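Heads up: the structure comes next, in structure tokens.
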Amino acid sequence: MLYVLISVICSVTVSVVIKLAKQRGIQHLHLIVWNYPVAALATLLFLKPGATTVPLSALPWGLYLSLALLLPLIFLCIAYAIQYSGIVKTEIAQRLSLFIPLLAAFFIFHESIGVFKLAGIAVGIAAILCSIGWKKGGIAKSKGAWGYAVMVFFGMGIIDILFKKVALYRQVPYTYSMLLIFILAIVVSFLLLTYRIAIKKERIQFKSVIWGILLGLFNFGNILFYMEAHQALSNSPSVVFTGMNIGVILLGAIVGVGFFGERLTRLNKIGLLLAVISVLIIAYL
Numbered sequence: 001m002l003y004v005l006i007s008v009i010c011s012v013t014v015s016v017v018i019k020l021a022k023q024r025g026i027q028h029l030h031l032i033v034w035n036y037p038v039a040a041l042a043t044l045l046f047l048k049p050g051a052t053t054v055p056l057s058a059l060p061w062g063l064y065l066s067l068a069l070l071l072p073l074i075f076l077c078i079a080y081a082i083q084y085s086g087i088v089k090t091e092i093a094q095r096l097s098l099f100i101p102l103l104a105a106f107f108i109f110h111e112s113i114g115v116f117k118l119a120g121i122a123v124g125i126a127a128i129l130c131s132i133g134w135k136k137g138g139i140a141k142s143k144g145a146w147g148y149a150v151m152v153f154f155g156m157g158i159i160d161i162l163f164k165k166v167a168l169y170r171q172v173p174y175t176y177s178m179l180l181i182f183i184l185a186i187v188v189s190f191l192l193l194t195y196r197i198a199i200k201k202e203r204i205q206f207k208s209v210i211w212g213i214l215l216g217l218f219n220f221g222n223i224l225f226y227m228e229a230h231q232a233l234s235n236s237p238s239v240v241f242t243g244m245n246i247g248v249i250l251l252g253a254i255v256g257v258g259f260f261g262e263r264l265t266r267l268n269k270i271g272l273l274l275a276v277i278s279v280l281i282i283a284y285l
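Residue numbering for the sequence shown follows our numbering, starting at 1 and increasing by one per position.
Structure representation (structure tokens):
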């Protein structure tokens, strides 16, 4: 469980780095763009991707390019969701995005997921609804805040589906595919940054590079130790799944409320509890 704990800490620290960097005047894109060179280099050093005999023309480039586009774009949505909705609600949106691949398995791929899994999804949807900032006039419309959280929810779910499809491509080692995806994400993110620099005349600051590298280290640490946890507890995948998702939701709540003064209404707190119950139902029933 040590690997799960470290992965949880790394995951929540990513949100903390994004929040602190913004407070220091660093633009989200300028921060996130340096995450992918770190991820690619760390993949080479720590995961040591094996070679493949599959010709480059036969690789699933459609999947790779889709992920290379989605990863930086959804990372930006996560950053804006943290800015407008806070760490607590953003972590709930990220973690409950697991419903998207479950629903895709049921409705698109016609897999049987059982009545308890569907019940878990229903509880999770209730958790998301309780987490929304409801007011007398309807949902709070603070600068489109909940638009970013919704995009995080659906975007992370779609990314999870695409990564599962990459893992099913047995001819290519998964770590090799990860490396290619990160390299392509470098290209995409730097193209976005070049556009911002050209159009808005923004300048790259040294502090944004340092904070971006820090972000990349913790983000890759989350990936690395989550993979290590699955290897160490290969006979108990539900333990890893539960520990990771509930751990991030609860630690995110502690950090968001305790360190950044994020306010939760009674309904938000009910949503937090329902999110934990939802994960438990999906993992064990």
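Just so you know, even glycine gets a beta-carbon here, dropped at the ideal spot from N, CA and C.
Source: prediction; values computed, not measured.
- Ranking Leu2, Ile6, Met1 by CA distance to the CA of glycine 221 puts Ile6 first.
- Under the DSSP assignment, phenylalanine 182 falls in the alpha helix (DSSP H) whose first and last residues are 174-200.
- The three-state reading of DSSP puts alanine 232 in helix, counting H, G and I together.
- As the crow flies, the alpha-carbon of arginine 263 is around 15 Å from that of alanine 81.
- If only complete runs of 4 or more residues are kept, the segment 5-80 shows the alpha helix (DSSP H) at 28-32, 35-42, in order along the chain.
- When secondary structure is reduced to three states using DSSP, arginine 95 falls in the helix class.
- Contact between serine 97 and aspartate 160 holds: their C-beta atoms lie close to 7 Å from each other, under 8 Å.
- Taking a 10 Å sphere around the C-beta of isoleucine 108, we find fewer than 16 other C-beta atoms and assign the residue as exposed.
- The segment 217-232 makes no contact with the segment 52-64, as fewer than three CB pairs between them are under 8 Å.
- In the three-state scheme derived from DSSP, where H, G and I count as helix and E and B as strand, isoleucine 204 is classed as coil.
- With a cutoff of 9 Å on beta-carbon distance, glycine 114 and serine 278 are scored as not near each other.
- Following the DSSP letters along the chain, one finds tyrosine 284 inside the alpha helix (DSSP H) bounded by residues 266-284.
- By the neighbour-count definition (other C-beta atoms within 10 Å, threshold 16), glutamine 94 is a buried residue.
- Between the C-alpha atoms of isoleucine 199 and leucine 102 there is a straight-line separation of about 40 Å.
- A contact is defined here as three or more CB-CB pairs under 8 Å, and the segment 249-256 fails this definition with respect to the segment 32-48.
- Spatial neighbours of lysine 48 in its own chain (CB-CB distance under 8 Å, excluding positions within 5 residues in sequence) are listed in chain order as Thr175.
- For glycine 243, the enclosing alpha helix (DSSP H) begins and ends at 237-260.
- For isoleucine 125, the enclosing alpha helix (DSSP H) starts and ends at 114-131.
- Glycine 25 has its alpha-carbon roughly 35 Å from the corresponding atom of isoleucine 125.
- For isoleucine 159, the three-state secondary structure derived from DSSP is helix.
- In this structure, DSSP gives tyrosine 3 a helical state, which the three-state scheme calls helix.
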